[in-house]
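**Student:** Mind looking over this structure? Questions follow.
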Amino acid sequence: MKKHGIINCSMKNILLFVSLFVLINTAADWFRRPNPSHQFAEQVLYDLEKNPQIIAQLSHQKSLLLYFWGSWCKFCEYTSPSISQLVLDGANVLSIALKSGSDDEVKQYMKAHQYHFVTINDPIGTFSKSWDIQATPTLIIVKDGKMISHTTGFSTYWGIKIRLWLADWVR
Numbered sequence: 278m279k280k281h282g283i284i285n286c287s288m289k290n291i292l293l294f295v296s297l298f299v300l301i302n303t304a305a306d307w308f309r310r311p312n313p314s315h316q317f318a319e320q321v322l323y324d325l326e327k328n329p330q331i332i333a334q335l336s337h338q339k340s341l342l343l344y345f346w347g348s349w350c351k352f353c354e355y356t357s358p359s360i361s362q363l364v365l366d367g368a369n370v371l372s373i374a375l376k377s378g379s380d381d382e383v384k385q386y387m388k389a390h391q392y393h394f395v396t397i398n399d400p401i402g403t404f405s406k407s408w409d410i411q412a413t414p415t416l417i418i419v420k421d422g423k424m425i426s427h428t429t430g431f432s433t434y435w436g437i438k439i440r441l442w443l444a445d446w447v448r
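This is the structure in structure tokens:
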């Protein structure tokens, strides 16, 4: 009887911890939610290779993951390899390197870490500020030029993959 009571108590504690974690994470995401301009999807951005990137076009056939990160960001060190693997697996990703140096410095950093995502350099944070990005990493899912979800902080490969799958499936 006592053993059953201990297990029951442990399950309640785990459930309480998970519920509290989800609540805090949801509140943090709500507080840090991006606020892009109404014309964000049509803006022409140029990647590190000087190719034009237009969010509305990139997100038309398939959900687009916008990934705001920095070479100085500790959480990004754990999230960026997952993003790179998602690209290799066929995910649609456009990243924004926030205050990470010159184009050449960002290219060198990405090469050294074997990152394979298309990147827009935001050396002084102007573009990120226009989105009201308050934390890195920030992940935003865009479908047909509309922001449909976002999250901040550490994310796993499977967590991001499921979000992208749901965005394509539900919308």
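The opening position of the sequence shown corresponds to residue 278 in the working numbering, with each subsequent residue numbered one higher.
Glycine is no exception: its CB is placed at the ideal position from the N, C-alpha and C atoms.
I'd like the ranges of any beta strand (DSSP E) spanning at least 3 consecutive residues and lying wholly in the stretch 373-417.
**Tutor:** 395-399
**Student:** For T428, which beta-bridge partners are listed by DSSP?
**Tutor:** T428 is bridged to L416.
**Student:** Could you pull out every residue in the same chain whose Cβ sits closer than 6 Å to the Cβ of T415, ignoring the five residues on either side in sequence?
**Tutor:** F345, T429
**Student:** Given a threshold of 16 other Cβ atoms within 10 Å of its Cβ, counted over all protein chains shown, does S287 qualify as buried or as exposed?
**Tutor:** exposed
**Student:** With burial defined as no fewer than 16 other Cβ atoms inside 10 Å of the residue's Cβ, what is the status of S357: buried or exposed?
**Tutor:** buried
**Student:** May I have the straight-line CA-CA distance separating Q334 from L341, to the nearest angstrom?
**Tutor:** 10 Å
**Student:** Going along the chain, which residues of its own chain have a beta-carbon closer than 6 Å to the beta-carbon of M424, five neighbours each way excluded?
**Tutor:** I417
**Student:** Give every residue of the same chain whose Cβ lies closer than 8 Å to the Cβ of M278, excluding the five residues on either side of it in the sequence, and list them in chain order.
**Tutor:** For M278, the predicted structure reports a pLDDT of 49, less than 50, and the residue's modelled location is therefore unreliable. A value from the coordinates is still provided. Answer for M278: no residue qualifies.
**Student:** So who's on the other strand from V370, going by DSSP bridges?
**Tutor:** Per DSSP, the beta-bridge partners of V370 are L342.
**Student:** In its own chain, which residues sit with a C-beta less than 8 Å from the C-beta of S359, not counting the 5 before and 5 after it?
**Tutor:** S432, T433, Y434, I437
**Student:** Report yes or no: do three or more beta-carbon pairs, one from the stretch 322-330 and one from the stretch 392-402, lie closer than 8 Å?
**Tutor:** Segment contact: the stretch 322-330 against the stretch 392-402, three or more CB-CB distances shorter than 8 Å; contact assigned.
**Student:** Figure out for me which residue from I410, G347, L371 has the closest Cα to the Cα of S379.
**Tutor:** Of the candidates I410, G347, L371, the one whose C-alpha sits nearest the C-alpha of S379 is G347.
**Student:** If I measure Cβ to Cβ from Q391 and keep anything under 6 Å in the same chain, skipping five residues before and after, which residues do I get?
**Tutor:** none
**Student:** What distance in whole Å lies between the Cβ atoms of V419 and L343, which are believed to be in contact at a cut-off of 8 Å?
**Tutor:** 6 Å
**Student:** With DSSP run on the structure shown, which of helix, strand or coil describes Q362?
**Tutor:** helix
**Student:** Between L371 and T413, which are expected to be in contact by the criterion C-beta below 8 Å, what is the C-beta distance as a whole number of angstroms?
**Tutor:** The Cβ separation is near 15 Å, so there is no contact.
**Student:** Can you tell me whether L441 is buried or exposed? The criterion is at least 16 other CB atoms within 10 Å of its CB, across all chains shown.
**Tutor:** buried
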